[in-house]
Amino acid sequence: MILHETLPCNTARRQEMLNITSEVNQILLSKLNNYSGILLVSSPHTTAGITVNEAADPSVCADMNEKLREIVPVDRNFTHMEGNSDAHIKTAMIGTSVQLPVVNGKLVLGTWQGIFFCEYDGPRRRKFNITFLGDKD
Amino acid sequence: MILHETLPCNTARRQEMLNITSEVNQILLSKLNNYSGILLVSSPHTTAGITVNEAADPSVCADMNEKLREIVPVDRNFTHMEGNSDAHIKTAMIGTSVQLPVVNGKLVLGTWQGIFFCEYDGPRRRKFNITFLGDKD
Amino acid sequence: MILHETLPCNTARRQEMLNITSEVNQILLSKLNNYSGILLVSSPHTTAGITVNEAADPSVCADMNEKLREIVPVDRNFTHMEGNSDAHIKTAMIGTSVQLPVVNGKLVLGTWQGIFFCEYDGPRRRKFNITFLGDKD
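Residue numbers (this note's numbering), protein chains in the order written: chain A, 4 to 140; chain B, 4 to 140; chain C, 4 to 140.
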């Protein structure tokens, strides 16, 4: 069983982490009942990534964005003329996809984990891919 | 063929890389003889990740931990009240999962590669997931 | 359907990002017509990673390499006697593999995305693995 879906995701700030866990769970609920396998959530963008981290306290995302801005500031003398090299570098450091186990139609996430779309050059109209590979139990 | 297992993994220090390659190989030996596919090793935690790196000389892990502590120190003025934002950020930078090819029941690892559970907020009782998707050759 | 191939890839500098998208597409064209699933591109090395980022303007890779050299310089007092700890750390930060959806024999890549072999301790004779798992539509 293979499932591939693309979902929209609009960002409101230059750098932002959007919790997309419920959108991903919606797909599982409506289409992957009783299926087990591996779920790939990927970003087709070069200045926006995907990560799994704490979804309970939003200050974790705030701290992460603050620290990333400090490690890779916007205003460096990069050669890329578009002026968003920092966003490309942040994307490479965080990664453009995550893989999660699916057991019996349910995403295997830890208690505090959520899936985040990580915008580094917004605000923009974005999208992300959900790809599932697996079988019925 | 889908296999999903959860294994315990206890850490002894605040920041530590545990070589879990033999635990992963044990599962392959006992349950995935002659199978080929993709193996996902994932952490259900938000302050501990998974990576693949050199398993021969332990000083590589020591250098990596030292450098990560320097890039993301513990004592910054983070807003997350729990005081472990550095651990969340290190986890996002390293990633919470790795994927490896399995060919004929054997993990495709390079000569020097090993799989590591990366603790950034220990010591704690932890666990990690092993998910295999594939078929008999 | 499982496919596993290993391809050579030689690097010319100590730190370098090689665009390997066409080599990957070649495999898809010749062997995965009409197949859909997940493609894993992985590095068997501990001082070279794999990432997905902008393939249009080479200055993005130049900026990324420059910034990574700044964050993890070569000449630190690392304990690993081989003297290439910086390369191990860069590899862990970037990651050793990427996963991409394949739909109907085609790699799902964004407009600006390409797949890169990231050398951090070259020049060397290197290789990378392509593993596909999926089925006919």
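Just so it is clear, CB atoms sit at the ideal spot from N, CA and C, and this is done for glycine as well.
For residue i, report the span of its alpha helix (DSSP H) as first-last.
| i | result |
| --- | --- |
| residue 33 of chain A | 24-34 |
| residue 46 of chain B | That residue, residue 46 of chain B, is in no alpha helix (DSSP H); it is neither H nor E in DSSP. |
Leaving out five residues on either side along the sequence, give the residues of the same chain with a beta carbon under 7 angstroms from the beta carbon of residue i.
| i | result |
| --- | --- |
| residue 121 of chain B | 20, 51, 52, 53, 54 and 97 |
| residue 30 of chain B | 8 and 133 |
| residue 106 of chain C | 39 |
| residue 140 of chain C | 37, 39 and 107 |
| residue 68 of chain A | 18 and 20 |
| residue 131 of chain C | 10, 12, 23, 44, 45, 46, 53 and 120 |
| residue 136 of chain A | 5, 40 and 41 |
| residue 34 of chain B | 6 |
| residue 99 of chain B | 45, 46, 52 and 53 |
| residue 26 of chain B | 10 |
| residue 77 of chain A | 89 |
Using a Cβ-Cβ cutoff of less than 8 angstroms, which residues in the same chain neighbour residue i once the five nearest sequence positions on both sides are dropped?
| i | result |
| --- | --- |
| residue 75 of chain A | 89, 92, 93 and 96 |
| residue 129 of chain B | 11, 12, 13, 14, 46, 48, 51, 120 and 122 |
| residue 16 of chain B | 122, 125 and 126 |
| residue 138 of chain B | 4, 38, 39 and 40 |
| residue 82 of chain B | 88 |
| residue 115 of chain B | 57, 58 and 59 |
| residue 61 of chain B | none |
| residue 32 of chain A | 108 |
Does residue i come out as helix, strand or coil in the three-state DSSP assignment?
| i | result |
| --- | --- |
| residue 96 of chain C | helix |
| residue 132 of chain A | strand |
| residue 56 of chain C | strand |
| residue 63 of chain A | helix |
| residue 78 of chain C | coil |
| residue 13 of chain A | strand |
| residue 69 of chain C | helix |
| residue 138 of chain A | strand |
| residue 91 of chain C | helix |
| residue 18 of chain B | coil |
| residue 83 of chain B | coil |
| residue 40 of chain B | strand |
If you drop the 5 nearest sequence neighbours on each side, which residues of the same chain put their C-beta closer than 6 angstroms to that of residue i?
| i | result |
| --- | --- |
| residue 124 of chain B | 50, 87 and 90 |
| residue 36 of chain B | 108 |
| residue 104 of chain B | 111 |
| residue 117 of chain B | 22, 24 and 58 |
| residue 72 of chain A | none |
With respect to the beta strand (DSSP E) encompassing residue i, which residues constitute its N-terminal and C-terminal limits?
| i | result |
| --- | --- |
| residue 108 of chain A | Where residue 108 of chain A is concerned, there is no enclosing beta strand (DSSP E), given that its DSSP letter is neither H nor E. |
| residue 122 of chain B | 116-122 |
Could you tell me how far apart the beta carbons of residue i and residue j are, in whole angstroms, since I believe they sit closer than 8 angstroms?
| i | j | result |
| --- | --- | --- |
| residue 84 of chain A | residue 38 of chain A | Their Cβ separation, rounded to whole angstroms, is 46 angstroms, which puts residue 84 of chain A and residue 38 of chain A out of contact at 8 angstroms. |
| residue 101 of chain A | residue 44 of chain A | 5 angstroms |
| residue 58 of chain C | residue 22 of chain C | 6 angstroms |
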